[in-house]
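According to this note's numbering, the sequence shown is numbered sequentially starting from 343. A virtual CB, placed ideally from N, CA and C, is assigned to each residue, including glycine. Here the structure is laid out as structure tokens; the discussion comes afterwards.
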Amino acid sequence: MSNYGGLSGAAAFMLGRASHQYEQTLGNSIQRALYGRRSARPTEADELADLLSQMTSLLRQKNAESDRLEEHLLRSREYASGLEAQIKDLKDTLALADAATARQAAQLKAAGDREERLACDLEAAHDKYHRLSDEHTVLKTKAENMERRIWGYLSMENEWRKRQP
343 MSNYGGLSGA AAFMLGRASH QYEQTLGNSI QRALYGRRSA RPTEADELAD LLSQMTSLLR
403 QKNAESDRLE EHLLRSREYA SGLEAQIKDL KDTLALADAA TARQAAQLKA AGDREERLAC
463 DLEAAHDKYH RLSDEHTVLK TKAENMERRI WGYLSMENEW RKRQP
């Protein structure tokens, strides 16, 4: 199997054959071009030389295009790598945000539970206040009644002493 200019197979064989024929007739063609007139009808060697020149030019163009595509592929891979890094950063940020949200939800639930307990405590304190207030009123009334009785007894005692000789 032939290998010529990075090509293999039939294309390499044709290119190799054309190159060999070109080498054989190159000197003659140059001599004719420099010192003599070129015939109106091109020779097979001239045609092969033109074909070889065209194929070489096409090969150069395709190689240049391949290089451009490889550069574009490399830039695309670098861009994709950058996007992957951004995606990873965003996933990490999202995981942190999810964890923070879970913590805040737990804190909010704990605060709600505390608020319920405090509301129950407040209601119990309110009930206790009313009970104590009612008891205070009852005790105040009893104290006022007792004070009146005591003043009454004292007043009666004073009158009894005044009557005593």
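| Check | Outcome |
| --- | --- |
| Buried or exposed (CB count within 10 angstroms, at least 16 for buried), A360 | buried |
| For M356, the nearest candidate out of A427, L450 and L393 (CA to CA) | L393 |
| Local conformation of T385 per DSSP, three classes | coil |
| M343 burial status per 10 Å Cβ neighbour count (16 or more: buried) | For M343, the predicted model reports a pLDDT of 45, less than 50, meaning its position is unreliable; a value from the coordinates is still stated below. Exposed, because fewer than 16 other Cβ atoms sit within 10 Å of the Cβ of M343. |
| With 16 other Cβ atoms within 10 Å as the buried cut-off, status of A391 | buried |
| Span separating the alpha-carbon of K470 from that of A447 | 34 Å |
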